[in-house]
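**Student:** Shown below is the structure under consideration.
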Amino acid sequence: YYQERALRKMFSNGRARSGIIVLPCGAGKTLTGITAACTLRKSVMILTTSAVAVDQWRKQFEEYTTIDSSRLLTLTAETKQTLWPVDEAGVLVSTYTMLAFSGRRSLAAERIMQQIREREWGLLIFDEVQFAPAPAFRRINDLVKSHCRLGLTATLVREDDLIKDLQWLIGPKLFEANWIELQDQGFLARVSCQEVWCPMTADFYREYLRCSHAKQRKLWVCNPTKLMTCEWLLRYHEARGDKILVFSDNVFALLHTAKALNRPFIYGQVSAVERVAILNKFK
């Protein structure tokens, strides 16, 4: 019902309003975007952060709508499909990077970009809208002529102060769901959040105090106590049959941990095909 409340804010007074809808992870942002697209019944473009996300949006449209496959297209480095006739409606899913790229394109990609620029789009959806204010992506607003813009996110924050620019790039915040309320009402699984402190060993800490700041960062992200704790938690939850995701904001630590524990890993240099294969196994 919270998705209906969000969409009522967007389609109040019989017209579509541009703006941002904030829903927690797992609360159905994609389905909300699909419903908005179906409500407008005009050509829709969806921008995501990666080719994997493009594929996920495509699959969700196939599952929840009756759209013909010839009207559900994707634009990535691997797939470039000519758009449907101008007088018909369809859905195009692509990435921020693909649209904002300012370098030399292939003839096929340039032809599609020209079609995109010449179209009047009914709706432009920004998935993970917190990425939209990035300087590299701002030109998208000039490239794509759309009557309505919808931003979707679970985390309306950035490390810089550019998040405030969404007000004029996309529009105001239309709706924000409280994850605690959704959890209490049974829409989201209950979360147990624990913080585990992992003190360095004496020798490791002594070396940490002596070295440069750059080396200190490498030492704290690869703190052996932390890695051993991570391994223990992995084995504990695997023994229970749980599914486990380990996140790291440091690629060096990610690769070291994954290889040491002989587990699959995903980062920037992993191909889209391999990413999808790993994620499908995880499901």
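Count the sequence shown with the numbering used here and you get residues 935 to 1217, in order.
Glycine is no exception: its CB is placed at the ideal position from the N, C-alpha and C atoms.
Since the structure is predicted, the reported quantities are computational estimates derived from the model, not experimental observations.
For F1035, tell me which candidate among I1074, R1051, V1155 and F1121 has the shortest Cα-Cα distance.
**Tutor:** Answer by Cα proximity: I1074.
**Student:** Taking its Cβ as the centre, do 16 or more other Cβ atoms sit within 10 Å of P1067, making it buried, or is it exposed?
**Tutor:** Label assigned to P1067: buried.
**Student:** Based on the DSSP output, what are the partners of C959 in its beta bridges?
**Tutor:** Beta-bridge pairing links C959 to no other residue.
**Student:** What are the boundary residues of the beta strand (DSSP E) that includes E1054?
**Tutor:** Taken as a continuous stretch (DSSP letters only), the beta strand (DSSP E) holding E1054 covers E1054 to D1061.
**Student:** From N947 to Q1117, what does the alpha carbon distance come to, in whole angstroms?
**Tutor:** Straight-line Cα distance between these residues: approximately 30 Å.
**Student:** Under 7 Å from any heavy atom of the ligand GTP, does the C-beta of A1066 make it?
**Tutor:** For the ligand GTP, the structure offers nothing, since it holds no ligand at all.
**Student:** According to the neighbour-count rule (16 or more other Cβ atoms, all chains shown, within 10 Å of its Cβ), is A1194 buried or exposed?
**Tutor:** Per the 10 Å Cβ criterion, exposed.
**Student:** At what residues does the alpha helix (DSSP H) containing A1207 begin and finish?
**Tutor:** Inspection of the sequence shows that residue 1207 is occupied by Val rather than by Ala. First-last of the alpha helix (DSSP H) with V1207: A1206 to F1216.
**Student:** Who are the near neighbours of V1185 in its chain, counting only those whose CB is closer than 8 Å to its CB and skipping five residues on each side?
**Tutor:** Within the same chain, V1185 has close Cβ partners Y1201 and G1202.
**Student:** Are the stretch 1024 to 1043 and the stretch 995 to 1014 in contact at 8 Å, needing three or more beta carbon pairs?
**Tutor:** Counting Cβ pairs under 8 Å, three or more are found: they touch.
**Student:** Check the C-beta distance from S977 over to G1056 and give it rounded, since I have them as a contact under 8 Å.
**Tutor:** Correct: roughly 5 Å between the Cβ atoms.
**Student:** In or out: P1106 buried (at least 16 other Cβ within 10 Å) or exposed?
**Tutor:** The residue in question, P1106, is exposed, as its Cβ has fewer than 16 Cβ neighbours within 10 Å.
**Student:** Does the distance from the CB of F1181 to the CB of N1157 come in under 8 Å?
**Tutor:** Their beta carbons are not under 8 Å apart, which means F1181 does not touch N1157 by this criterion.
**Student:** Please name the residue in A1111, Y1142 and L1167 whose C-alpha comes closest to that of A961.
**Tutor:** The residue with the shortest Cα to Cα distance from A961 is A1111.
**Student:** State the CB to CB distance for the pair I1050 and L1077, rounded to an integer number of angstroms; the pair is presumed to be in contact (CB under 8 Å).
**Tutor:** Between L1077 and I1050 the Cβ distance is about 7 Å, and since that is below 8 Å, they are a contact.
**Student:** Check whether the Cβ atoms of A1088 and K963 lie closer than 8 Å to each other.
**Tutor:** Against a cut-off of 8 Å, the Cβ pair of K963 and A1088 comes out as a contact.
**Student:** Can you tell me whether Q1064 is buried or exposed? The criterion is at least 16 other CB atoms within 10 Å of its CB, across all chains shown.
**Tutor:** Classification for Q1064: buried.
**Student:** Return the first residue and the last residue of the beta strand (DSSP E) that E1115 is part of.
**Tutor:** No beta strand (DSSP E) holds E1115; the alpha helix (DSSP H) holding it covers W1113 to D1118.
**Student:** Please name the residue or residues paired with V1125 in a DSSP beta bridge.
**Tutor:** Partner(s): none; V1125 has no beta bridge.
**Student:** Identify whether T982 lies in helix, strand or coil by the three-state DSSP scheme.
**Tutor:** Here T982 sits in strand by DSSP.
**Student:** Applying the 10 Å Cβ sphere with the 16-neighbour rule, what's the burial state of Y998?
**Tutor:** So Y998 counts as exposed.
**Student:** If you draw a straight line from the alpha carbon of M1246 to that of I1059, how long is it in whole angstroms?
**Tutor:** An answer regarding residue 1246 cannot be provided, because it is not within the stretch 935 to 1217 covered by the chain.
**Student:** Quick check on the DSSP output: the beta strand (DSSP E) that includes E1110 runs from which residue to which?
**Tutor:** Start and end: K1107 to E1110.
**Student:** Taking only the alpha-carbon atoms, compute the straight-line gap between W1166 and Y935 and give it to the nearest angstrom.
**Tutor:** So the two alpha carbons sit approximately 40 Å from each other.
**Student:** Looking at T969 and V988, is the spacing between their C-beta atoms short of 8 Å?
**Tutor:** Cβ atoms of V988 and T969: not closer than 8 Å.
**Student:** Bridge partners of L902, per DSSP?
**Tutor:** The requested residue 902 is not part of the displayed model; the chain covers only 935 to 1217.
**Student:** Output the boundary residues of the alpha helix (DSSP H) element that contains K1152.
**Tutor:** It spans H1147 to V1155 - the alpha helix (DSSP H) in which K1152 sits, taken as one unbroken run.
**Student:** What is the C-beta distance between I954 and I1104, in whole angstroms, given that I count them as a contact (C-beta under 8 Å)?
**Tutor:** Right, the Cβ-Cβ distance comes to about 6 Å (below 8 Å), so this counts as a contact.
**Student:** Among residues of its own chain, excluding the 5 on either side of S952, which ones have a beta-carbon nearer than 8 Å to its beta-carbon?
**Tutor:** Closer than 8 Å at Cβ, skipping near neighbours: C1082, R1083, L1084, I1104 and G1105.
**Student:** Please classify M1162 as buried or exposed, where buried requires at least 16 neighbouring CB atoms within 10 angstroms.
**Tutor:** Exposed, because fewer than 16 other Cβ atoms sit within 10 Å of the Cβ of M1162.
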